[in-house]
Structure formats: structure tokens, C-alpha cells
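So the structure is just underneath, and the comments pick up after that.
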Ligand code: ADP
């Protein structure tokens, strides 16, 4: 099964997506991680997409679609059906259609489920503007709600914490706007197909984790 995790910036897709994938024993693939890795490596593609990220805009479909789909196919052993938790893709209707087409070609019988994490806008803004991430293991902290034991240092691996370039207040507003205009239609797209479920993301992390897992399990075909 392909589980597409959807939700506004700051809704918890990264944290929850990783744990959902590990609970289900499937792979996890995040478009944002692919982009940030390419930017950190200063690859040609990373440099090409940097200006969009810094402005809080989406990377154009023609840049992200081939890179993401190639990574998705590569993340599944050859000959097996494609599956896993996708975080941040598809984010536009064009990307959803491109994913459909790739699945038709590579894994026609795969089931698709879209899970949306619902979080009110004021909570999203507070989470993003106070967010610090570990440069080593990607663990996420928040200056207000979940500070690290030592300022600027990861509790888990001891590496330095950093703020994402797109977590500045002005960029956050732009990202929320882009989400509302470009990604809400994708939610409607999967809802119309009957393959969409909502989960309340404005609850303690563990509660959200349990709800997501229960919702994903309840949507899985019984025979698998
Ligand atoms: P968030 O959802 O918290 O904003 P992500 O880590 O998923 O963060 O993505 C960071 C940024 O990378 C997005 O704001 C966007 O600019 C870009 N991005 C990620 N995935 C896509 C995608 N599928 N299509 C276009 N741009 C993307």
C-alpha cells in the first residue's frame, strides 16, 4: 500500500510519517528531505531548487516529479510491489496524477490511502516559528513546547541544532498560503475517490501516532 501523508507545514508529517512507516515495517520517503539533502550537498539540482525553498514556494512540478518518483522506485526492492509512507508528495494535483501514472506502470495493483493531519493555523505558526532540528539525526525540538536539555544541542545524538531556512515568520505565511491554494485540491482529489481519511494532529504526539496507525490499519486490505 502507498500511504500519502498530507497536512499543512508544521502539522507533524515528518515526525509521524517516520514512526508510522516503522510501525508498519515499510519504507518512508519525504520530498522535503530529498530537497534539503540536495541543497546541503550543493548538487546542481539542489542549487536549482534553493530559491523556491528560501521563498517558501513549491519547487516546480517538472523538477520534483521525476526526482521523487525515481527515489520511490529505488526505495523498493526490484520486483516487489511499490509501497511505503510518502511525506510531502503529491502536493499538487499534477503530482497526484503523475503518481497514479507511475503506479499504473510499476505496481498496478497497489492500494492508495491519503491521511490528512488536521491542525489549526495558530498552532502551526507557533510550532514552525519555534522549531529547531538536529543537523545529524533530524530530531525536532520546539523552544516553547519541547526544548532540548542543552540549548542548541540534540538530546539524542549531541549534534548542533539548526533552524530551517523556510521556518522564518514571513516565509511561514507564504507556505501556509501555498498549501491552501495548491495542496487543498489534492485533498479533494483523494476524497472524491474515497481514499482519504482525516486524523486530528492537534493532540499529544503519542495520541496522534496511535490514531494514525489505527486509521492506516483499518484501511488496509484484510488479506495482506
Ligand atoms: P513542510 O511541509 O513542513 O513545509 P517539507 O519538508 O515537506 O516541509 O518541504 C519543505 C519545502 O520543500 C516545501 O515548503 C516546498 O517548498 C518544497 N517541497 C517539498 N515537497 C514538495 C513537492 N512535492 N512539490 C513541490 N515542492 C515541494
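Numbering (this note's numbering), first residue to last: 56 to 279.
Glycine included, C-beta positions come from ideal geometry on N, C-alpha and C.
A quick note: this is a predicted structure, and the numbers were derived from the prediction, not measured.
Between the alpha carbons of residue 92 and residue 246 lies a gap of roughly 32 Å. Comparing alpha-carbon positions, the option among 170, 136 and 191 lying closest to residue 164 turns out to be 136. With contacts defined by Cβ atoms closer than 7 Å, residue 123 and residue 66 do not form a contacting pair. Short of 8 Å from the beta carbon of residue 82, and not among the five residues preceding or following it, lie these beta carbons of its own chain, in chain order: 76, 130, 131, 138, 139 and 140. Secondary structure at residue 61: strand, using DSSP grouped into helix, strand and coil. Going by C-alpha positions, residue 109 is about 12 Å away from residue 103.
Linking residue 218 to residue 94 through their CA atoms gives a straight-line distance of about 15 Å. Positions of the alpha helix (DSSP H) runs, each at least 4 residues long and wholly inside the region 97 to 145, are given as 99 to 109 and 116 to 129 in order along the chain. For residue 244, the Cβ stays outside the 6 Å cut-off from all heavy atoms of the ligand ADP. Judged by DSSP in its simplified three-state form, residue 150 adopts helix. Excluding residues up to 5 positions away in sequence, 64, 65, 222 and 227 lie with their Cβ nearer than 7 Å to the Cβ of residue 183 in the same chain. Counting along the chain, residue 245 sits inside the alpha helix (DSSP H) bounded by residues 239 to 248. When secondary structure is reduced to three states using DSSP, residue 171 falls in the strand class.
Rounded to the nearest whole angstrom, the CA to CA distance from residue 120 to residue 148 is 12 Å. Here the alpha carbons of residue 185 and residue 201 stand approximately 9 Å from one another. DSSP places residue 230 within a helical segment (H, G or I) once states are collapsed to three. Under the three-state reduction of DSSP output, residue 219 falls in the coil class, being neither helix nor strand. When the alpha-carbon of residue 90 is set against those of 71, 224, 126 and 57, the nearest one is in 126. For the ligand ADP, no non-hydrogen atom lies closer than 6 Å to the CB of residue 139. The Cβ atoms of residue 262 and residue 74 do not sit closer than 7 Å to each other. Within the model, the alpha-carbon separation for residue 57 versus residue 203 is close to 34 Å.
In this structure, residue 64 has its CB closer than 6 Å to one or more heavy atoms of the ligand ADP. The alpha carbon of residue 235 has as its nearest neighbour, out of 257, 113 and 213, the alpha carbon of 113.
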